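Numbering (our numbering), first residue to last: 35 to 360.
Note that beta-carbon positions come from the ideal geometry of N, C-alpha and C, so glycine has one too.
In this text, all values refer to a predicted model and were calculated from it rather than measured experimentally.
Worksheet: the structure to be examined is printed underneath.
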Ligand code: FES
Ligand code: CO
C-alpha cells in the first residue's frame, strides 16, 4: 500500500507526555511514547508476547516501555530488555516489538509505517518568525481523508455551507483560476472569493484571494494572498495547513496548523473561528456518499469551477493511492 510509506499525523505533540498514548492510523493500532531523552517513539500497539495493548502499560523511570500484562520491557529500538518472570534471562534479538518511524513537526507527532517518502508534508509558513503558529483539532470525522482534502480545495460551497462567514448567496460565482500539477500534488492560484468574514478580524466583506496547494495525498495548504496596499505585502502571508490522519478508509482525524500574523488574540479565540468553519463543513462531509472519493471522473459530475478537485483526483490516481478512494 503506497499510503504506508507516507508520513501521517497521529497526535498533538503536547498530548504525548509521561504516559503511552494509543492512536490509530491506516487501520493499525499504534502506541506513542517518549524515551528517556524525550524523543517520541511509535510501536505497534500489540505486545509480541501475548498481544496485550502496550498503550495500557507505562514508561519506566529508565525510559523503557513496559507491557501491562507480564511487565516485559522494551527499549526505544523495540528490543525486549527484560522478562520479569525470568530475571536472569537475556532476551535474544528476535524478542522485539514492531517499531515505526516517528517524528515531531508542525505541533504534531507523525508516523510512517514503512520506508517510503523521506520528507513530511511541507508547510512553508512554519519557519516564518513573523507568523504565529498554533494547532486546531483534532476533529474525528466520519469521512475519507480525500473527501476532506477536496472540501478544503472547494470554494463554490462557501456561499451555502459558510453563508455569512466565508461566502454569501449573493456572490457565489467563481472566477476562473489556474491549476498546475506539482511534484507533491497541485497548486491552484488566483482563487478569489467574496467573503463577509474571512477571518477573526474582518470588519467588512472583502474580495479575498487564495492559493491552494496539495502538499501530500492527505495534506493541503491555503495561503491568503496579501491585498495590495496593505502591510501584508511586506512578505508575510497567512496560511492554514490541513493535515489528515487516515484512520480507516471512511474515518479520519483532522488537524489544522494556523500561521497567522495575529500575536495578540488568545489561542482559544483563533481556534474558535477555525472551529466554527470546520463544524459547518463536517455534517456535509459526513453526508457524502460514497464515503470514498471516486477517482473515475465519470462517477460524479464536474464543472470548470471544480477543476482543482478534478486535478486532485487525477493526482491521487497517478500516485497509486488506494485508501479512501474508489
Ligand atoms: Fe506483554 Fe506478556 S503480553 S508481557
Ligand atoms: Co468549507
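Proximity to residue 117 across 239, 84, 157 peaks at 84, based on C-alpha coordinates.
Comparing alpha-carbon positions, the option among 68, 306, 211, 251 lying closest to residue 108 turns out to be 68.
Contact check between the stretch 122-138 and the stretch 238-254: fewer than three CB pairs, one atom from each, fall below 8 Å, which does not count as touching. Residue 244 sits in a strand when the DSSP states are folded into three classes.
The distance from the Cβ of residue 290 to that of residue 276 is about 6 Å, consistent with a contact at the 8 Å cut-off. Scanning 226, 247, 282, 157 for the CA closest to the CA of residue 44 turns up 282. At the C-beta level, residue 65 and residue 77 come within 8 Å of one another. Counting along the chain, no alpha helix (DSSP H) covers residue 146; the unbroken beta strand (DSSP E) around it starts and ends at 142-146. In summary, residue 250 is buried, with 16 or more beta-carbon neighbours lying within 10 Å of its beta-carbon over all protein chains present.
The stretch 201-218 and the stretch 315-328 do not touch, with fewer than three beta-carbon pairs separated by less than 8 Å. Shortest gap from the CB of residue 340 to any heavy atom of the ligand CO: 7 Å or more. Unbroken alpha helix (DSSP H) stretches of 4 residues or longer found wholly inside the stretch 286-326: 301-321, given in chain order. The three-state secondary structure of residue 353, taken from DSSP, is helix.
Annotation for residue 195: 314, 315, 318 place their beta carbon closer than 7 Å to its own, counting only its chain and skipping 5 residues before and after. If you compare the alpha carbons of 163, 228, 144 with that of residue 47, the shortest gap goes to 144.
Proximity annotation: the ligand FES has residues 81, 83, 84, 85, 86, 101, 103, 104, 105, 106 in chain order, each selected because its CB is closer than 7 Å to a heavy atom of the ligand.
Note on residue 297: under 16 other CB atoms within 10 angstroms of its CB, so exposed under the neighbour-count rule. Your pair residue 39 and residue 128 does not check out as a contact, with CB atoms roughly 25 Å apart and the cut at 8 Å. In this structure, the straight-line span from the alpha carbon of residue 238 to that of residue 337 is close to 30 Å. In this structure, residue 80 sits near residue 63, with a CB-CB distance shorter than 8 Å. For residue 164, the closest of 292, 308, 312, 335 by C-alpha to C-alpha distance is 292. With respect to residue 103, residue 312 sits apart: the two C-beta atoms are not nearer than 8 Å. The DSSP-derived three-state label of residue 183 is helix. Out of 218, 223, 175, the CA that lies nearest to the CA of residue 355 is found in 218.
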